[in-house]
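The structure appears right after this line, and notes come after that.
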């Protein structure tokens with residue numbers, strides 16, 4: 005009976021650690037994507053004082069611990085998305101209704117936010133971060 009109790013405690017402990025790691029991975033992925041969305045909006049709206057004010061007032065990026073931005077990938081992805089926004093904007097001139105010409109910042113930024121590639125990239129950086137912690 006005593007061995008069974010110890011066995012169940014060990015299983016419960018492993019399950020708890022596994023659940024905690026999954027939660028941490030999910031939180032990291034969401035934070036990575038949210039950081040990218042905000043950077044994308046900032047660049048998409050040409051770093052205007054209005055968008056900077058909105059992003060400063062928004063509390064989506066307020067967390068207990070600072071986010072590791074040293075790899076710079078978030079900013080680079082935001083800049084690449086901005087290039088797509090500009091190209092798309094130029095390509096709409098004379099090809100769509102007059103009111104539909106111009107930048108589609110939200111559409112492009114949300115497309116990136118919801119992409120499977122970004123999910124995979126976020127998980128890759130999560131694993132990389134954990135590997136560095138273990139060293």
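Numbering (our numbering), first residue to last: 5 to 139.
Glycine included, C-beta positions come from ideal geometry on N, C-alpha and C.
Remember, it's a predicted structure, so these values are computed and weren't measured experimentally.
- At the C-beta level, residue 31 and residue 65 stay beyond 8 Å of one another.
- In chain order, 37, 40, 41 place their CB closer than 7 Å to the CB of residue 117, counting only its own chain and leaving out the 5 sequence neighbours on each side.
- In terms of CA proximity to residue 108, 47 leads the group 26, 47, 59.
- CA-to-CA, the gap between residue 101 and residue 59 works out to about 31 Å.
- Secondary structure at residue 97: coil, using DSSP grouped into helix, strand and coil.
- When C-alpha distances from residue 44 are compared across 92, 81, 135, the shortest belongs to 81.
- Each residue's CA atom was taken as its position, placing residue 125 and residue 26 some 16 Å apart.
- By the criterion of a C-beta distance shorter than 7 Å, residue 105 is surrounded in its chain by 96, 97, once the five residues flanking it on both sides are discounted.
- For residue 107, no alpha helix (DSSP H) run applies, since DSSP gives it neither H nor E.
- Between residue 55 and residue 29, the alpha-carbon positions lie close to 29 Å from each other.
- For residue 66, the secondary structure class from DSSP, reduced to helix, strand or coil, is coil.
- One Cα belongs to residue 127, the other to residue 121, and the distance between them is close to 10 Å.
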